[in-house]
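Just so we're on the same page, my numbering is the position in the sequence shown counted from 1, plus 26.
Yeah, the Cβ is synthetic: ideal placement off N, Cα and C, and Gly gets one too.
Reading through the C-alpha cells given below for one structure.
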Amino acid sequence: MNKAKSFFSNNIALVGLLIVLLVGVCVQRTFVSPENLTNLLRSASLMGFIGIGMTFVVLCGSIDLSVASVFALSGYLMLNLSQYNIVLAFVVPLLAGAVVGLVNGLLVEKLSIPAFIATLATQMFVRGLVQMFCDQTTYKVASIPFPVLALGRLTFSNIVPLPLILFIIATLIAAYVLNRRFIGRSMYIVGGNLEAANMMGVSVPKTMITAHVICSVLTCIGGMIYTSRVGVASPLAGTGYEMYAIAAVVLGGAKLTGGVGKVSGTFIGTLIMSSFSNIFSMQNVLSAVWSDVVVGSVLLIVIMAQAMVSIYSKGKKKV
C-alpha cells in the first residue's frame with residue numbers, strides 16, 4: 027500500500043495523462059489511431075518547447091509572459107530571412123530570442139521589476155514589432171526553402187514527426203542541465219531559498235538571467251517549427267500560449283513559487299494539454315470554448331492541492 031501511495035504521489039502527472047488518454051478513447055476510438063497520435067504529438071512539440079523554457083524560469087521563482095510574442099517574432103524572422111540566407115533564417119531568430127530573454131532577466135534581477143510586469147511590457151513591445159513587420163496582416167513569401175519546410179513538416183516513416191524528435195532531444199538536454207550541471211541546480215536553489223543561494227555562493231543574477239534567456243531561445247524554436255508547419259507568419263501567432271505553457275508546467279508538478287519541478291513533468295503536462303485540445307476537436311457534444319474551462323478547472327484544482335499540501339506540511343512542522 028505504501029509503495030502504491032509513493033508511486034502515485036511521485037507520478038501524479040503520468041497518472042493524469044493516462045486518465046486523459048482513457049477519456050480520449052472513450053470519446054472517439056480513432057483517438058489512438060496512428061494519424062491522430064502523430065498530429066497530437068506534433069502539436070505537443072510546439073507547445074513543449076515553450077513549456078520546457080518556462081520550467082527553467084518557474085524553477086527560479088519567476089515567470090515569463092513574453093513567450094507568446096517571441097513565438098510570433100521568431101516565425102516572422104525565419105520566414106523573411108529564408109528569402110536571403112538560409113543560415114541567417116535559423117540563427118537570427120534564436121539570437122533575437124536570446125536578446126529578449128536577456129532584457130527580461132535584466133529587468134527582473136538588476137532593476138528589481140516584478141517578473142509579471144517586466145515580461146508583460148516586453149510582450150507588448152515585441153508583439154507591436156511583429157505587427158509592424160507584418161503590416162498587421164499575415165506575412166507570406168513566394169517560396170519557402172526546403173530546410174525551412176522540413177523543420178515543421180518532415181515525418182519519418184509517416185509516423186514520427188521531426189518536431190517530436192527535436193522536442194524529445196530538447197527535453198533530455200534540459201533534464202541533463204537541471205540535474206547534472208551547476209547552473210541547473212542553482213535554479214532549484216534560487217527558487218527554493220534566495221538567502222540559502224547567496225550563502226552557498228550562487229550568483230542569483232546570473233542564474234535568473236540564464237533562465238530567461240533559455241526560455242526565450244526555446245520558445246523561438248517552437249515558433250520557427252510552427253511557422254514552418256503553417257507556411258505563413260501571423261502577427262497574432264502564439265496568442266495565449268504563455269498561459270498554456272504555464273499550465274503544462276504546473277500540471278507537471280512544478281510550483282509557481284519556485285524550487286520544485288521537473289522537465290519530465292512538463293513533458294507529460296504538455297501531452298495532457300495537447301490531449302485536451304485534441305479530444306475537444308474530435309467530439310461534437312461541447313463547444314471548443316469549453317476546452318479552456320476544463321483546462322482552467324483542472325489547473326485550479328492542481329494549484330489548490332499544492333497549496334493545501336504546503337499548508338499541511340507547515341502545520342506538521344510546527345507540531
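Exposure of residue i, with buried meaning 16 or more beta-carbon neighbours within 10 Å
i	result
V233	The question names Val, but residue 233 in the sequence shown is Thr. It counts as buried.
N184	exposed
Y252	buried
K288	buried
G154	exposed
L66	buried
T197	buried
F172	exposed
K166	exposed
I45	exposed
Extent of the continuous alpha helix (DSSP H) to which residue i belongs
i	result
C160	From DSSP, C160 is part of no alpha helix (DSSP H); its letter is neither H nor E.
I22	The requested residue 22 is not part of the displayed model; the chain covers only 27 to 345.
T253	V230 to V256
Y270	Y267 to L277
G287	It is not in any alpha helix (DSSP H) - G287 carries neither H nor E in the DSSP assignment.
V49	I38 to V53
R207	No alpha helix (DSSP H) contains R207, which DSSP labels as neither H nor E.
M225	L220 to M225
Cβ-Cβ distance between residue i and residue j below 8 Å
i	j	result
V276	L325	yes
A98	G249	yes
L130	S100	The displayed chain sequence assigns Asn, not Leu, to residue 130. For N130 and S100, no; Cβs fall outside 8 Å.
L192	R68	no
A259	L105	yes
S254	G178	yes
G217	G322	no
S95	V156	yes
A124	S242	yes
P261	E135	no
M299	M73	yes
I294	A39	yes
T296	A70	yes
I305	G50	yes
C246	L120	yes
S301	L47	yes
M213	L85	yes
Simplified DSSP assignment, three categories, for residue i
i	result
T181	strand
P261	coil
P187	strand
N65	helix
D318	helix
Y110	coil
Q309	coil
L91	coil
P119	helix
S100	helix
P60	helix
L105	helix
S212	helix
A70	helix
A280	coil
I139	coil
Minimum Cβ-Cβ distance from residue i to chain B less than 8 Å
i	result
I112	Note that chain B does not occur in the displayed structure, where there is just one protein chain.
query = Three or more beta-carbon pairs under 8 Å between the stretch 72-85 and the stretch 221-231, yes or no?
reply = no
request  = Report yes or no: do three or more beta-carbon pairs, one from the stretch 52-59 and one from the stretch 206-221, lie closer than 8 Å?
outcome  = no
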